[in-house]
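Chemist:
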Amino acid sequence: MPGKLKVKIVAGRHLPVMDRASDLTDAFVEVKFGNTTFKTDVYLKSLNPQWNSEWFKFEVDDEDLQDEPLQITVLDHDTYSANDAIGKVYIDIDPLLYSEAATVISGWFPIYDTIHGIRGEINVVVKVDLFNDLNRFRQSSCGVKFFCTTSIPKCYRAVIIHGFVEELVVNEDPEYQWIDRIRTPRASNEARQRLISLMSGELQRKIGLKVLEMRGNAVVGYLQCFDLEGESGLVVRAIGTACTLDKLSSPAALLPACNSPSKEMKEIPFNEDPNPNTHSSGPSTPLKNQTYSFSPSKSYSRQSSSSDTDLSLTPKTGMGSGSAGKEGGPFKALLRQQTQSALEQREFPFFTLTAFPPGFLVHVGGVVSARSVKLLDRIHNPDEPETRDAWWAEIRQEIKSHAKALGCHAVVGYSESTSICEEVCILSASGTAAVLNPRFLQDGTVEGCLEQRLEENLPAGCGFCHIPYDELNMPFPAHLTYCYNCRKQKVPDVLFTTIDLPIDATVIGKGCLIQARLCRLKKKAQAEANATAISNLLPFMEYEVHTQLMNKLKLKGMNALFGLRIQITVGENMLMGLASATGVYLAALPTPGGIQIAGKTPNDGSYEQHISHMQKKINDTIAKNKELYEINPPDTSEEIIGSPIPEPRQRSRLLRSQSESSDEVTELDLSHGKKDAFVLEIDDTDAMEDVHSLLTDVPPPSGFYSCNTEIMPGINNWTSEIQMFTSVRVIRLSSLNLTNQALNKNFNDLCENLLKSLYFKLRSMIPCCLCHVNFTVSLPEDELIQVTVTAVAITFDKNQALQTTKTHVEKSLQRASTDNEELLQFPLELCSDSLSSHPFPPAKATSVDYSSFADRCSSWIELIKLKAQTIRRGSIKTTVTVEKASPMGEGNFRNRATPPCASSTVGVVKMTPLSFIPGAKITKYLGIINMFFIRETTSLREEGGVSGFLHAFIAEVFAMVRAHVAALGGNAVVSYIMKQCVFMENPNKNQAQCLINVSGDAVVFVRESELEVVSTQQPTANCQPSCTGGEVTT
Amino acid sequence: MTSELDIFVGNTTLIDEDVYRLWLDGYSVSDAVALRVRSGILEQTGATAAVLQSDTMDHYRTFHMLERLLHAPPKLLHQLIFQIPPSRQALLIERYYAFDEAFVREVLGKKLSKGTKKDLDDISTKTGITLKSCRRQFDNFKRVFKVVEEMRGSLVDNIQQHFLLSDRLARDYAAIVFFANNRFETGKKKLQYLSFGDFAYCAELMIQNWTLGAVDSQVDDMDVDLDKEFLQDLKELKMLVADKDLLDLHKSLVCTALRGKLGVFSEMEANFKNLSRGLVNVAAKLTHNKDVRDLFVDLVEKFVEPCRSDHWPLSDVRLFLNQYSASVHSLDGFRGGSLSVGPPS
């Protein structure tokens, strides 16, 4: 009996009128936990009842404490008929179960009804007394902390980062049970809400157990999702990264950075591997076996039937052909061995983190992703969710092998998602292949790192760009150069990643949001035929998404993408692809080449003219973008290093990057010269459309920036004003003109208009940046496209930013030029090498053949598939430099005392998708917020139509999140995310339903201006959080 | 491609003051968009008309949702659904309860009933204020009236407490409530030259001096109903004009005091009896409800117009009235307050 839960119902206010006769309400409250229910007295005739109940005590197992939510139901007493429910409050008591979090939940909670929305508020106090339980076979995992934040939470230190934890639980969806035919919508919604609440509790407990098994004490980057599979059931699954965290007593103890391994890299011998065929042999094989399989049954068998990953038990070494890295020769072997020992014991060396302690990330290989199309079948035995488990295991294996092919032993920034339409489900997983510093992964001491760090002062900020794979045995065609920063290691020409920009990365200029948008029509089909059709379409979509991303990146004059998230959504008659990422210019990578347009049609005067006109437009856009994003890489050094084969023509051109000189030349000679240029071939209207669409993306209005990462590269002087928002749009396509082009245009317009609206709405915040812009696409019905965006607008101080950046660029510039000379010969050598190593001349220009699109001739397909895969995984490369100009970036940030703003009024709860609050310091994490709501209406018109309905619902969801945070004593939610927003309407019946799932971390923050500003080093980590916290609600 | 659904929800509710104004003024979304376009906002921001349309719709929806709360402003402060900074809350409330001078003059003193509400179309046509806005203003008056009508305590304080209005606006509402309750006629042509401010000024003085609250601060309706006893007492003023000696005495007292101070002294002297008779008759009739309603009409007819025809300057009127009432105290049999009101002309 390890826990006693105590609940007190204090009062209610603003209750709805339940008795028309008296215009009043006779309210009482039922408090339910598990199977026990208590009731308060009826408080007669009042809309503001004062129950002031006794303490209701529940004596329960801690297992139940974790799984069950506390249910509070407010009812109107009726002598003659059944009591009417006013609404409910579900309280997750998990935050009370670990010591450092909240100790009491107390405050006003909105009373929520799935049909009527919020109906008044109720004041509740909840406490838990936990008894120590030493039972080693226990099923509970009280005490394991959960964080949605995908980095090490601000007031903690990572002692060990253990690794991947995952779990899923399945159940029948109450909405699809027979009983649903006879019960009210309200009862059905409530059954669903309750079930999901229970399932998340159970899931969290099970994950907690795994963490304890790994000897961790926390899960960071916890991501929990629901799959509403309809008839076949309800899946709740979660992934996260198990860690051992230490509470920081003083921020001075911040983790020392250790970037040790980069040293070894110096010794890379130029391996004369006789087999430089990068395309078909060796590591590229694992790339090919990507499965777009659909398998209704378990085609994949695993030893364990439960979803346990058994991290510590299965030392799965060398799956398949062994690690690609090893094949590559002695290359970087030392480093690899170190880490491998640590990582290979794990079945899945994945990390859901996107930002890391300094030194953790050694190299980044590129994006790895895998998708698979499955047919859903009824889950027969909820206790043995083997099928779903096997599906995910399969995908994870694939990811793992892709990472290996990139010479990486780990995957960071890992995430999983699904898209379901009828009985077809696309499972997707993606992450960034990386080489990690083993020191954080085992029980090693962090002190070791410290020493190491002193010895080595290799330039930070470029190490992670250096390729982890063997350059002579590259898994995909890529163009390598010496790092523009340290000049010692090879870097790719572009870099795609799913993580945030590392703090120490050197970036030039600012970043920007880059999106690729795509629709593909698909025939309506059933079951297997449908799955096959989807499987066949997927590679084309991925390929095209990547082409678009690459083109847009080049158009921006940038060379790396961070935070890449590709979402493929399946609908009845179409597939949608939406990729978002933040483009930046990494100082360590070469200047991106321009985009060159080539026409295929034989000489035709006007056509040529058209082409050259277009070329000019593209060049202008690139130039404009460079100016807009302040991308002024050090020109001189670049010329020397960047173009190892100096061309006279280029030299004569002074401005910009040499690659743009291409505007003069339209010839198609891809194998020489123009090595950087990215060639678009235009041979039909499709391709033309595509080029046009490239140019239609409008940059944000001046004063606005946007990115989908945590912070905007190039801006580091945030001020304290933040505005988190969710915007939803649904458009109906006219069924007449459903062609791919029309669809693409519609979709593109939808997204662009949405962004424009956001800029307009938030114009009063200028200068500001939209951070963590998160787009989600869904296809609720045949002709409907729904786009949901959640982001936060943060103001910044325009004047301060520029200076820091500048000095930094200058510095790096200097460094660069001094190093130049010695290095000059190397690039030459390298270049000729790589030249010969490319079997296909065009590969060199990373060219993408636009003409080769889809449905034309089947012979293309194989090639495209191959390309699609390569590009997907690999062609990732560029990244950026700067921003964090001084290593004191953090310090700067802190020092900027925010003016004491009057807005710090009582009751305000901030919400942000970021892991931090600008101008403030998070002093305490109070626990995870994970809430699921259903709202339904049968009077849609009366509630203002679909817009009115959803607007009100989202506002209510925000209100409930804020109320829960405030009741925990917090004043903000960080890492907030709306994971699901499923909206269904039936205007003919005047009905609509919406499901929303949100999560985040409740925290207490203190404005920096309220702390002693003096020493950023000593902000008394144990400063009383109470200062802002508790009194929050009124 | 049509937009089925288009919403924006901020953690802090975004309030656009300009759009709020348009909404309050009762413009439809399309009219509001047209007006915003005319304001040049598209050029300033580089937005498109579609963006503006979406933005306007969104704000209108928000305001529509807020309206329910604005009907009981303390609810706006305590509700959890919209997170709005206090300064913005105050702005929302103040603007919502603000009214148009032209409108208030039309309904001031009218019974705030369904009947009047039906006439709002005409008022709307007459004043050029949209019907929607007229309705909001009318409903505001009515709502405030209903809430404070039977409350004890100071009228202004009650209004302030229940509607969280600024002091200025609360005073205006007190006047509106006071007028509505006593049904003073203000719509006659003769009274058209008077502004709401003029009436509000009168109302304030009357509340201070003529109501139950002026005597006893612990009664119901204290600030809205006139003190019947006081009105009864006013009858006694008849003596001032009925008794010839008293009238002469009164006149000589006033004349002595004002000699040389008044630009229109001779006119005053010549007219004193008429004026005094007029004033006293008006006062003495106030026991009848009908006559209470006509108070302002009578005052204008009996006092203001004669003065105006003789071109009395305002300062002279003030001096005269002050002296007129002050002198009464020195007459036998008079003590205590008397009317000290004269609508400024």
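Residue numbers (my numbering), protein chains in the order written: chain A, 1 to 1034; chain B, 1 to 345. All C-beta atoms, glycine included, are put in the ideal place defined by N, C-alpha and C.
1) Buried or exposed for B/His288, please, with buried defined as at least 16 other CB atoms from any protein chain shown within 10 angstroms of its CB.
2) When you compare only the Cα positions, how much space is there between A/Thr37 and A/Val31?
3) For B/Arg168, is the classification buried or exposed, using 16 other Cβ atoms within 10 angstroms of its Cβ as the cut-off for buried?
4) Between which two residues does the alpha helix (DSSP H) harbouring A/Ser757 extend?
5) Using the rule of at least 16 other Cβ atoms within 10 Å of the residue's Cβ for burial, across every protein chain shown, is A/Met984 buried or exposed?
6) Would you say A/Phe760 lies against chain D (beta-carbon separation less than 7 Å)?
7) Going along chain A in order, which residues have a C-beta closer than 8 Å to the C-beta of B/His64?
8) Check the DSSP bridge columns for A/Ser401 and list the partner residues they point to.
9) Compare the beta carbon distance of A/Leu436 and A/Ala410 with 7 Å and say whether it is the shorter of the two.
10) Use the C-beta contact count for B/Arg308: other C-beta atoms within 10 angstroms, 16 or more gives buried, fewer gives exposed.
11) Can you tell me whether A/Ala529 is buried or exposed? The criterion is at least 16 other CB atoms within 10 Å of its CB, across all chains shown.
12) In the structure shown, what three-state DSSP assignment does A/Ile954 receive?
13) Rounded to whole angstroms, how far is the Cβ of A/Ile508 from the Cβ of A/Leu555, which I believe are closer than 8 Å?
14) With a threshold of 8 Å, are at least 3 pairs of Cβ atoms found where one atom belongs to the region 910-923 of chain A and the other to the region 970-982 of chain A?
15) From this set, B/Ala180, B/Thr186 and B/Ala174, which residue's C-alpha is nearest B/Leu205's C-alpha?
16) Can you tell me where the alpha helix (DSSP H) holding A/Asp697 begins and where it ends?
17) So, using beta-carbon positions, are B/Val42 and B/Ala32 closer together than 7 Å?
18) Contact between the region 696-706 of chain A and the region 783-790 of chain A: three or more CB pairs below 8 Å?
19) Within the same chain, show all residues whose beta-carbon is closer than 7 Å to that of A/Ser22, passing over the 5 residues directly before and after it, in chain order.
20) Measure the alpha-carbon distance for B/Cys346 versus B/Ala98 and round it to whole angstroms.
21) Touch check for the region 51-63 of chain A and the region 6-14 of chain A: three-plus C-beta pairs under 8 Å?
22) Mark A/Ser106 as exposed unless 16 or more other C-beta atoms lie within 10 angstroms of its C-beta, in which case mark it buried.
23) Chain B beta carbons: is any one of them nearer than 7 Å to that of A/Phe725?
24) What three-state label does DSSP hand A/Ser417 in the structure shown?
25) Assuming A/His162 is part of the beta strand (DSSP E), what are its boundary residues?
26) So for B/Trp312, helix, strand or coil by DSSP?
27) Buried or exposed: where does A/Phe147 fall if 16 or more other Cβ atoms within 10 Å of its Cβ makes it buried?
28) For a test of the three-state rule: what should DSSP assign to A/Phe226, helix, strand or coil?
29) Comparing C-alpha positions only, which one of A/Glu175, A/Gly511, A/Glu121 and A/Ala1002 sits nearest to A/Ser188?
30) Using the Cβ count rule (16 or more neighbours within 10 Å means buried), how would you classify A/Arg941?
31) Using 7 Å as the limit for Cβ to Cβ distance, is A/Pro899 near chain B?
32) Do A/Ala588 and the ligand PLP come close, with the Cβ less than 6 Å from some heavy atom?
33) Please list, in chain order, all residues of the same chain as A/Gly533 whose beta carbon is under 7 Å from its beta carbon, the five residues on each side excluded.
34) May I have the straight-line CA-CA distance separating A/Val211 from A/Asn217, to the nearest angstrom?
35) What residues from the region 78-107 of chain B come within 9 Å of chain A, judged by C-beta to C-beta, listed N to C?
36) Quick check on DSSP: helix, strand or coil for A/Leu15?
Modeler: Result, derived from the coordinates:
1) exposed
2) 6 Å
3) exposed
4) Asn740 to Lys761
5) exposed
6) In the structure shown, chain D does not exist; the protein chains are A and B.
7) Gly944 and Gly948
8) The partner list for A/Ser401 (beta bridge, DSSP) is empty, contrary to what the question assumes.
9) yes
10) exposed
11) exposed
12) helix
13) So it is not a contact: roughly 17 Å between Cβ atoms.
14) yes
15) B/Ala174
16) No alpha helix (DSSP H) holds A/Asp697; DSSP gives it neither H nor E.
17) Sequence inspection shows Leu at residue 42 of chain B; the Val mentioned does not correspond to that position. Result no, Cβ atoms of B/Leu42 and B/Ala32 do not sit closer than 7 Å.
18) no
19) Lys45
20) What is shown of chain B runs 1 to 345, which leaves residue 346 of chain B out entirely.
21) yes
22) buried
23) yes
24) strand
25) Tyr156 to Asn171
26) coil
27) buried
28) strand
29) A/Glu175
30) exposed
31) Confidence in A/Pro899 is poor, its pLDDT being 34 and thus under 50, which makes the residue's placement unreliable; the coordinate value appears in the next sentence. No, A/Pro899 lies away from the interface with chain B (no Cβ there is under 7 Å from its Cβ).
32) As far as ligands go, the structure on display features none, and thus does not contain the ligand PLP.
33) The sequence as given places Ala at residue 533 of chain A; Gly does not occur at that position. For A/Ala533, where only same-chain residues beyond five positions count, the Cβ hits under 7 Å are Lys522, Lys523 and Ala525.
34) 7 Å
35) His78, Gln79, Leu80, Ile81, Phe82, Gln83, Pro85, Pro86 and Ser87
36) coil
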